[in-house]
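J.:
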Amino acid sequence: MNKDERGPMPAARGLTGVRQEVKYLLPASRGAALLAQLPQYIPAKLYDGQAHSFRASSYLDTDDMELCRTALVRGSQCVKLRVKEYYHNDEGRPTSDGMCHFEVKARCGAMVEKSRFKVKRLEVCAILAGKPKSGGDAAQRAEIHAFEEVRQGRALHPVLVAHYRRHTFQSKDSRTRITLDDQVTFHVPPQDLFTPAFALTAREVLAPPLCVEASWILEIKCLGLVPEWTSELLEGVAEVDFSKFSFGVQSLARCGLLPGAVPS
Numbered sequence: 001m002n003k004d005e006r007g008p009m010p011a012a013r014g015l016t017g018v019r020q021e022v023k024y025l026l027p028a029s030r031g032a033a034l035l036a037q038l039p040q041y042i043p044a045k046l047y048d049g050q051a052h053s054f055r056a057s058s059y060l061d062t063d064d065m066e067l068c069r070t071a072l073v074r075g076s077q078c079v080k081l082r083v084k085e086y087y088h089n090d091e092g093r094p095t096s097d098g099m100c101h102f103e104v105k106a107r108c109g110a111m112v113e114k115s116r117f118k119v120k121r122l123e124v125c126a127i128l129a130g131k132p133k134s135g136g137d138a139a140q141r142a143e144i145h146a147f148e149e150v151r152q153g154r155a156l157h158p159v160l161v162a163h164y165r166r167h168t169f170q171s172k173d174s175r176t177r178i179t180l181d182d183q184v185t186f187h188v189p190p191q192d193l194f195t196p197a198f199a200l201t202a203r204e205v206l207a208p209p210l211c212v213e214a215s216w217i218l219e220i221k222c223l224g225l226v227p228e229w230t231s232e233l234l235e236g237v238a239e240v241d242f243s244k245f246s247f248g249v250q251s252l253a254r255c256g257l258l259p260g261a262v263p264s
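Under this note's numbering, the very last position in the sequence shown is 264; numbers go up by exactly one each time.
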């Protein structure tokens, strides 16, 4: 699917919309050190009162694996559809609010368009099968429209899960967000992942990983220029063109799980 075929996306609404996004891969020691330094420059953004949460991004595709094949050719410069879940491990027990986010994300250079809407986990299977989400205010309807414009009425299914721990920092004016991801693993999802058989996409319910990204993934997301103070913190570290989706798709191809595809 060409980028100009996917239809309109809603105008920017804060950091969900159109933004600049730059990425870095850091050795574990450098990532941990940066995590300790960041609160001096930008406040932590808590999730349910906690400094970090676990995330599961279930990437979606059609039966012909069109989006995956495009990612093999274009790398990070592609369109992706996903269902994202957030959860905590409370004394070793995964807990969530039972909600998921459907997302469309498209990248061109360092610029990203992102649109998303929230649903109950119990609604996910019906939406994947082709039943559009309805209701909501005008802003939510625009987000739903963006998703439906990309999928064009076709049924979708999860093809890849990226699982990771995330720490988030956000400026008081909400124009800059910095995220640090570690414990990043990639998995083939269970066929019935979004049925009542699974309460959420915790690492414990996933098969052993196809691949692991040992580095910490740093993302700086901005409406405008990247803050100057990040240059000092990241001295000696080069930006990278990295996408969890394309990285995981490469692994699918190498493992023969993307028939006919040749990994680069």
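All C-beta atoms in this analysis are idealised placements derived from N, C-alpha and C, irrespective of residue type, glycine included.
With distances taken Cα to Cα, identify the nearest neighbour of K105 among F198, R19, L258.
T.: Numbered from its first residue, the sequence shown carries residue 105 at position 105. K105 has its Cα closest to that of R19, out of F198, R19, L258.
J.: Output the boundary residues of the beta strand (DSSP E) element that contains C108.
T.: Numbered from 1 along the sequence shown, position 108 holds the residue referred to as residue 108. Segment 99-108, the beta strand (DSSP E) holding C108.
J.: Name the residue from D241, A253, Q250, G248 whose alpha carbon lies nearest to the alpha carbon of S76.
T.: Here residue 76 is taken as the residue at index 76 of the sequence shown, counted from 1. Of the candidates D241, A253, Q250, G248, the one whose C-alpha sits nearest the C-alpha of S76 is D241.
J.: Starting from S53, follow the beta strand (DSSP E) in both directions and report where the run begins and ends.
T.: If you number the sequence shown from 1, residue 53 lands on position 53. Per DSSP, the unbroken beta strand (DSSP E) holding S53 starts and ends at 52-61.
J.: H167 and V184: beta carbons closer than 9 Å?
T.: Along the sequence shown, read from residue 1 onward, the residue named residue 167 stands at position 167. Along the sequence shown, read from residue 1 onward, the residue named residue 184 stands at position 184. It is not a contact, given that the beta carbons lie outside the stated cut-off.
J.: Compare the Cα-Cα distances from S231 to each of A32, A28, Y41 and report the closest residue.
T.: In the sequence shown, residue 231 corresponds to position 231, counting from 1. The option with the nearest alpha carbon to S231 is Y41.
J.: Please classify Q255: does DSSP put it in a helix, a strand, or coil?
T.: Stepping through the sequence shown from its first residue, residue 255 is reached at position 255. In the sequence under discussion, the amino acid at residue 255 is Cys, which differs from the Gln named in the question. Coil at C255, not helix or strand.
J.: Does DSSP classify A12 as helix, strand or coil?
T.: The residue given as residue 12 occupies position 12 in the sequence shown. Caution applies to A12, whose pLDDT of 37 falls short of 50 and renders its modelled position unreliable; the value that the coordinates give is listed next. Looking at A12 - three-state DSSP - the assignment turns out to be coil, as it is neither helix nor strand.
J.: Given 8 Å as the limit, is there contact between the segment 131-148 and the segment 238-254, that is, 3 or more CB pairs closer than that?
T.: Remark: fewer than three beta-carbon pairs, one from each stretch, lie closer than 8 Å, so the segment 131-148 and the segment 238-254 are not flagged as touching.
J.: How long is the line joining the alpha carbons of K221 and T179, rounded to whole angstroms?
T.: Mapped onto the sequence shown, residue 221 falls at position 221. Mapped onto the sequence shown, residue 179 falls at position 179. Straight-line Cα distance between these residues: approximately 8 Å.
J.: How big is the Cα-Cα spacing for M1 and F198?
T.: Taking the first residue of the sequence shown as position 1, residue 1 is located at position 1. Taking the first residue of the sequence shown as position 1, residue 198 is located at position 198. The predicted position of M1 is uncertain, since its pLDDT is 38 and thus under 50; a value taken from the coordinates is nonetheless stated next. Roughly 31 Å between the two C-alpha positions.
J.: In terms of residues, what are the limits of the alpha helix (DSSP H) holding I42?
T.: Taking the first residue of the sequence shown as 1, we reach residue 42 at position 42. Segment: none, I42 is in no alpha helix (DSSP H) and carries neither H nor E.
J.: Output needed for L233: all residues of its chain with C-beta closer than 8 Å, excluding positions within five of it in sequence on either side, in chain order.
T.: If you number the sequence shown from 1, residue 233 lands on position 233. L34, Q37, L38, Y41, listed in sequence order.
J.: Using DSSP with H/G/I as helix, E/B as strand and the rest coil, what is E143?
T.: In the sequence shown, residue 143 corresponds to position 143, counting from 1. In this structure, DSSP gives E143 a helical state, which the three-state scheme calls helix.
J.: Under the DSSP definition of a beta bridge, which residues are partnered with D64?
T.: Here residue 64 refers to the residue found at position 64 of the sequence shown. Paired residue(s): none; D64 is not in a bridge.
J.: For E219, write down the residues that DSSP places opposite it in a beta bridge.
T.: For the purposes of this step, residue 219 is taken as residue 219 along the sequence shown, with counting starting at 1. Per DSSP, K23, T179.
J.: Distance check for T195 and R203, CA to CA, integer angstroms please.
T.: The residue labelled residue 203 in the question sits at position 203 within the sequence shown. The residue labelled residue 195 in the question sits at position 195 within the sequence shown. One C-alpha to the other measures close to 16 Å.
J.: If distances are taken between C-alpha atoms only, which option among V161, G31, E21, C125 comes closest to V112?
T.: For the purposes of this step, residue 112 is taken as the residue at position 112 of the sequence shown. For the residues V161, G31, E21, C125, the minimum Cα distance to V112 belongs to E21.
J.: Secondary structure at T168, three-state DSSP: helix, strand or coil?
T.: For the purposes of this step, residue 168 is taken as residue 168 along the sequence shown, with counting starting at 1. In the structure shown, T168 sits in a strand (DSSP, three-state: E or B).
J.: Tell me D90's beta-bridge partners as DSSP assigns them.
T.: Within the sequence shown, the letter at position 90 stands for residue 90. Per DSSP, R93.
J.: If I measure Cβ to Cβ from H101 and keep anything under 6 Å in the same chain, skipping five residues before and after, which residues do I get?
T.: Translated into the one-based positions of the sequence shown, residue 101 becomes position 101. Closer than 6 Å at Cβ, skipping near neighbours: K84, R116, K118.
J.: Just the Cα atoms here: how many angstroms apart are A207 and V188?
T.: In the sequence shown, residue 207 corresponds to position 207, counting from 1. In the sequence shown, residue 188 corresponds to position 188, counting from 1. When rounded, the distance between both Cα atoms is 7 Å.
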